[in-house]
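Chemist: Sharing a structure, written as structure tokens. Questions coming.
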Amino acid sequence: MFGGIVNQWEMSYEPGCYGELLPNGNLLYAGRLGNGPLTDIEGAGGILLEVDWAGKTVWEYKDEYLHHAFYRMKNGNTLVLKWVEVPKETAEKVKGGDPGSERKGVMWGEAILEIRPNGKTAWEWFAHEHLGPQEILRCPICPRDTWLHANACIELPDGNILASFAKINTVAIIDKKTGDIKWHWGSTGELAHPHSPTMLENGNVLIFDNGFHPNGMAQNYSRLLEVDPSSDEMVWSYDGPNDGDMKQLIYSSMYSNCQRLPNGNTLGCEGTTGRIFEVTMGGDLVWEFVNYLPRWDTSPTRSRSYPVYSAYRYGVDYPGLRVLK
């Protein structure tokens, strides 16, 4: 809470996006291979590493098309996101985006895989098999190299999958048995390039809405918001503190996440600025931390920046912190 370092891991791969502390005390980390066919796309990865508290690798999974997100499931398997080619006949029907901006004529779509500890695939889902190319319209001005640009895949208590698709401005629930999309929200102007949906104990979904050129228009603020899937009603939102007569808006065009805390407050990560903050349901700012570590790939051609892809708070009773007792 005071910014002190409890532990740090020296990883053998640059970050693809982020890491999470597992209940067993290990770190599950998405690394970037750096030499894959799509590694220049934001969010590219290629390798998952599970390391113990001392940094020793206890499990790894490689696939050069991995990107963005992962999730360790209750059964010990791991959900991952993977880029796959969209069939040409489907890609040609996808509307929106900069014409001719496909990757060597290819549009890349999404697969969600469930990986066993032995590296074998237990379950898979391909977006182009369950989502029509014009069913949910994509961002009109983003490149056409990726169709949906997923950035989250989370197992829900009922076994279904909660996912986020930035380029169609949508958060969705996928029926794991049928593969059908049983609920989706955000594509009719509510969201713009969202990240990090999580389902709360009350059944609502908490989302970081980046607010990046919604409907092709300029916008300069992001929001933390809570939506009720049963009614599609937004029941809470936060876009920044009030500072006298001036509204101080939060904004991150990419990355970012939010987390509902046990005390009812919400932790937010304003990714591109590296700012992490806690707010009450009434919108009061009660804690913040600004990252002081520079971007890992700072070079003479890149301006110095201090982004944080995502941030999580772990309570003193979190099982993964038993090693500290």
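All residue numbers for the sequence shown refer to my numbering, where the first residue is 0 and numbers rise by one. For glycine and all other residues, C-beta sits at the position ideal for the given N, C-alpha and C. Keep in mind the model is a prediction, meaning the values are calculated, not measured.
Going by other Cβ atoms of all chains shown within 10 Å of its Cβ, with 16 needed for buried, is M0 buried or exposed?
Modeler: So M0 counts as exposed.
Chemist: Where are the beta strand (DSSP E) runs, 3 residues long or more, that stay fully inside the segment 28 to 58, in chain order?
Modeler: Listed in chain order, they are 45 to 50.
Chemist: Within its chain, find whatever has a CB closer than 6 Å to the CB of Y250; leave out the 5 residues flanking it on each side and keep chain order.
Modeler: These residues qualify, in order along the chain: N219, Y220, S221.
Chemist: Identify the continuous beta strand (DSSP E) that holds T197 and give its terminal residues.
Modeler: From DSSP, the beta strand (DSSP E) with T197 extends over 194 to 198.
Chemist: Just mark A151 as buried or exposed, buried being the case when its beta carbon has 16 or more other beta carbons within 10 Å.
Modeler: So A151 counts as buried.
Chemist: Under three-state DSSP, which class holds G75?
Modeler: Three-state DSSP puts G75 in coil, outside helix and strand.
Chemist: Taking only runs of the alpha helix (DSSP H) that begin and end inside the segment 79 to 112, which ones reach a length of at least 4 residues, in chain order?
Modeler: As far as the segment 79 to 112 is concerned, its whole alpha helix (DSSP H) runs of at least 4 residues are 87 to 90.
Chemist: Give the straight-line distance between the Cα atoms of I4 and P14, rounded to the nearest whole angstrom.
Modeler: One C-alpha to the other measures close to 19 Å.
Chemist: What is the DSSP secondary structure of P142, counted as helix, strand or coil?
Modeler: Of the three classes helix, strand and coil, the one that applies to P142 here is strand, per DSSP.
Chemist: For L147, tell me which candidate among F164, I160, L155 has the shortest Cα-Cα distance.
Modeler: If we check each option's Cα against that of L147, F164 comes out closest.
Chemist: At what residues does the alpha helix (DSSP H) containing A151 begin and finish?
Modeler: Note, A151: premise wrong, no alpha helix (DSSP H); beta strand (DSSP E) at 149 to 154.
Chemist: Give me, in chain order, the residues of the same chain whose beta-carbon lies closer than 6 Å to that of E109; leave out the 5 immediate sequence neighbours on both sides.
Modeler: For E109, where only same-chain residues beyond five positions count, the Cβ hits under 6 Å are A126, L147, A149.
Chemist: Could you tell me the distance, in whole angstroms, from the CA atom of D326 to the CA atom of H194?
Modeler: What the structure shows of the chain is the stretch from 0 to 324, and residue 326 is not part of that stretch, so it cannot be assessed.
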